[in-house]
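Okay, structure first, notes after.
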Amino acid sequence: MKKIIASALILLSFNALAIDSMTMNIELLGSDIFRSEGKELLGDFSKISGNVAIKVKQDGQTQSLNMPIPLTQAPNNTRMEVVEKNRVRIIEAEHGIDATVPAKIKKKLGGKIKSIKITSENYLMAMRPVLEKQGLDMLQSLNVSSDELSFSVGLEMSDVECSLNEEKDLQCDSSIKMNIDVETE
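In this text, residue positions in the sequence shown follow this note's numbering: the first is 44, and each later residue adds one.
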């Protein structure tokens, strides 16, 4: 999901240094697919869709842009591992994430994982630094300098709900809303 957030905003080409303020709202629906290998879940691919809404105020005028994000498939390099009865380890080597979070885990007879639920609070405990950094990276890709502007990044996320899909892979569904507000100082 993180790569899609960054990719969606590369489409933008505002002269950010001349703006009075800018608000970006990104809403994404995602499904991360994992192959189960015992206690370990190996990321296979992710499907993302959503919408980006941008409002720019410049010289007293406001311009708005809404762009749908079409269904996109990307590699999923995340690994998850059941480390205890109610804990999952999330590993994203690419971003330096290695965190263990509480989760509700249900297994089938024989021990195969049937479902996992990670609350949004627990998931964001591990992933918030990466997601916030991506918000800052988006501003940099628009040639926005943090020395000249004040900005804030807000995140809201649904719980991560994982269950076996028709292919017997674990499908983890979630949604995320990211709000980025920028104002000249």
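The beta-carbon is built from N, C-alpha and C at its ideal position, and this holds for glycine as well.
Check	Outcome
Counterpart residues of residue 96 in DSSP-defined beta bridges	68 and 109
Burial state of residue 141, where buried means 16 or more other Cβ atoms lie within 10 Å	exposed
C-alpha distance - residue 146 paired with residue 131, whole-angstrom precision	6 Å
Sequence-distant residues of the same chain with beta carbon closer than 6 Å to residue 65, five excluded per side	99 and 225
Residue 136 in three-state terms, based on DSSP	helix
Cβ pair residue 213, residue 78 closer than 9 Å	yes
Short Cβ contact (9 Å threshold) for residue 217 with residue 114	no
7 Å Cβ shell around residue 158 - same chain, five flanking residues per side excluded	149, 205 and 206
Residue 210 to residue 76 span [Cα, whole Å]	10 Å
Alpha-carbon spacing of residue 125 relative to residue 103, whole angstroms	54 Å
Run of the beta strand (DSSP E) containing residue 156, from where it starts to where it stops	156 to 161
Environment of residue 84 [buried if 16+ CB atoms lie within 10 Å]	buried
Per-residue burial, residue 193 [other beta carbons within 10 Å of its own, 16 or more giving buried]	exposed
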